[in-house]
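Everything on this sheet refers to the single structure shown next.
Shown next, in the form of structure tokens:
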């Protein structure tokens, strides 16, 4: 049985305010928690007896609490709790490294599922740094964490005033995904640079577009008005990496 | 004010059983309903006074009911009702045309949001026929309709026993997206064919893979284990169309 104060503490990590105060966040479900344990990133594990037994070796050295299904339901942010919940320390705040790397910069991606999906896509294509505008969803939001499917362990996510940050970059090619740009399939694969991805309804603001040297487009053949930001990012990275 | 029986009827269209019985489905929100009205596909419109006034011309000839915000909340399947709900007749059941066309075939895409997103992506790339296995989500599910963002008006969706259907195809190249196939970026763009897309957890079943002449893969550079089915479909179509 978990004591009430502990349940309340874990529940509070669903809210950004408390995540910021404590410097912690949660991840749930066997797959993600196993990946995070393997990466040595987990602070505490709350799990059903069966899961603890199965993952005994992986849990060595990690504070582990056995919980009942009822308690797990209480602390879970999922519709249906899934065997295990981990509490993690937020990652150290560092600075993005731009030299000889390809980075993504996200302009106001507010849907947590979209942000998580984009982090997972970046990870698939080996892009390990994502710079977010300050109005992008919080990477430690449980919905973002779940949607990354474990990629949060491998991709560094930064929050910046993008105008300031892009303004300071030197000798870096900046790509903007826009409606009227060069066909993505004709662009040479860059060894380094920053790819700006806009949000679905507004795209990339003109003040950010002004930083781009290369304007790129995913050519449309049919009637749909737009592509989801995650899908567009996947297509762009599949052509540029 | 809508009478109770009418409210109950519209609410019932959230369930497949009643959609099948009535042959109807619903779509919501100004953008999708406008697209469907323009395409001449709408049977009845339930909307707030302001929306009816703004869209008077578009509504000519369509049965239109003015509703209060309270009534709209009751009949809506959205978290927050959005000005207008349309009832539509389900599309006529026809047969897919394979000659000189590129089609998608979906194997067990059960998440309604994913199915809707894939239909929208197909529409973007000019693929106007999607053949679904019988265990794929129902295209008339309100969540699918919303996720298509109007593309449901332009893309024909069929439900088939895929083994029977693929078995009958002649002189058609079948592509399967698998983990160990040819790099998608090296495949020649086909003028026609069927692209099989698997579901996220199980991929394409071996019995369906057996029909494929070409096995294709989206090469992975990083650590993510998989891509979302919608994202994968977008990448494949951006390379093959």
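Protein chains in written order, with our numbering: chain A, 214 to 454; chain B, 214 to 454. Here a beta-carbon is modelled for each residue, glycine too, at the ideal position from N, C-alpha and C.
Cβ-Cβ distance between residue i and residue j below 8 angstroms
i: residue 249 of chain A; j: residue 255 of chain A; result: yes
i: residue 349 of chain A; j: residue 319 of chain A; result: yes
i: residue 449 of chain B; j: residue 397 of chain B; result: yes
i: residue 280 of chain B; j: residue 215 of chain B; result: yes
i: residue 336 of chain B; j: residue 435 of chain A; result: yes
i: residue 442 of chain B; j: residue 354 of chain B; result: no
i: residue 310 of chain A; j: residue 385 of chain A; result: no
i: residue 238 of chain A; j: residue 358 of chain A; result: yes
i: residue 446 of chain A; j: residue 395 of chain A; result: no
i: residue 271 of chain A; j: residue 303 of chain A; result: no
i: residue 346 of chain A; j: residue 317 of chain A; result: no
i: residue 408 of chain B; j: residue 453 of chain B; result: yes
i: residue 223 of chain B; j: residue 288 of chain B; result: yes
i: residue 438 of chain A; j: residue 362 of chain B; result: yes
i: residue 444 of chain B; j: residue 444 of chain A; result: yes
Buried versus exposed call for residue i [16 or more other C-beta atoms within 10 Å across all chains shown]
i: residue 282 of chain A; result: exposed
i: residue 221 of chain B; result: exposed
i: residue 392 of chain B; result: exposed
i: residue 236 of chain B; result: exposed
i: residue 419 of chain A; result: exposed
i: residue 233 of chain B; result: exposed
i: residue 218 of chain A; result: exposed
i: residue 412 of chain B; result: buried
i: residue 390 of chain B; result: buried
i: residue 269 of chain B; result: exposed
i: residue 414 of chain A; result: exposed
i: residue 369 of chain B; result: buried
Delimiting residues of the beta strand (DSSP E) encompassing residue i
i: residue 406 of chain B; result: 406–411
i: residue 342 of chain A; result: 342–346
i: residue 263 of chain B; result: Where residue 263 of chain B is concerned, there is no enclosing beta strand (DSSP E), although the alpha helix (DSSP H) it sits in stretches over 262–267.
i: residue 238 of chain A; result: 237–241
i: residue 302 of chain A; result: 297–302
i: residue 319 of chain A; result: 315–320
i: residue 391 of chain B; result: 387–396
i: residue 427 of chain B; result: 427–430
i: residue 277 of chain B; result: 276–279
Residue span of the alpha helix (DSSP H) that contains residue i, given as start and end
i: residue 222 of chain A; result: 217–225
i: residue 287 of chain A; result: 282–288
i: residue 377 of chain A; result: 375–381
i: residue 450 of chain A; result: 442–453
i: residue 326 of chain B; result: 325–337
i: residue 356 of chain A; result: 355–361
i: residue 421 of chain A; result: 419–422
Check your understanding: Is the segment 396–405 of chain B touching the segment 328–335 of chain A in the sense that three or more CB pairs, one from each, lie closer than 8 angstroms?
Key -> no
Practice item. Determine, using beta-carbon pairs with one atom in the segment 233–252 of chain B and one in the segment 296–306 of chain B, whether at least three such pairs fall under 8 angstroms. Key: yes
Review point. According to a CB-to-CB cut-off of less than 9 angstroms, which residues of the segment 426–442 of chain B neighbour chain A?
Key: 431, 432, 433, 434, 435, 436, 437, 438, 439, 440 and 441
Review point. Do the segment 416–429 of chain A and the segment 422–441 of chain B meet, that is, are 3 or more Cβ pairs less than 8 angstroms apart?
Key: no
Practice item. Examine the Cβ distances between the segment 258–276 of chain B and the segment 307–327 of chain B and report whether three or more of them are shorter than 8 angstroms. Key: no
Check your understanding: For the segment 335–343 of chain A against the segment 220–239 of chain A, are there 3 or more C-beta pairs whose distance is under 8 angstroms?
Key -> no
Practice item. Scan the segment 328–339 of chain A for residues whose Cβ lies nearer than 7 angstroms to a Cβ of chain B and list them as they occur along the chain. Key: 330, 333, 334, 336, 337, 338 and 339
Exercise for review: Below 8 angstroms between beta carbons is the criterion; list the residues of the segment 403–420 of chain B that meet it against any residue of chain A, in chain order.
Suggested key: none
Check your understanding: For the segment 226–258 of chain B, which residues have a beta carbon sitting closer than 8 angstroms to at least one beta carbon of chain A?
Key -> none
Point to revise | Where the segment 366–379 of chain A meets chain B: residues whose CB sits under 7 angstroms from a CB there | key: 367
Exercise for review: Pull out every residue of the segment 340–359 of chain B whose Cβ sits closer than 9 angstroms to any Cβ of chain A, in chain order.
Suggested key: 340 and 341
Practice item. Give, in chain order, every residue of the segment 383–394 of chain A whose Cβ lies closer than 8 angstroms to some Cβ of chain B. Key: none
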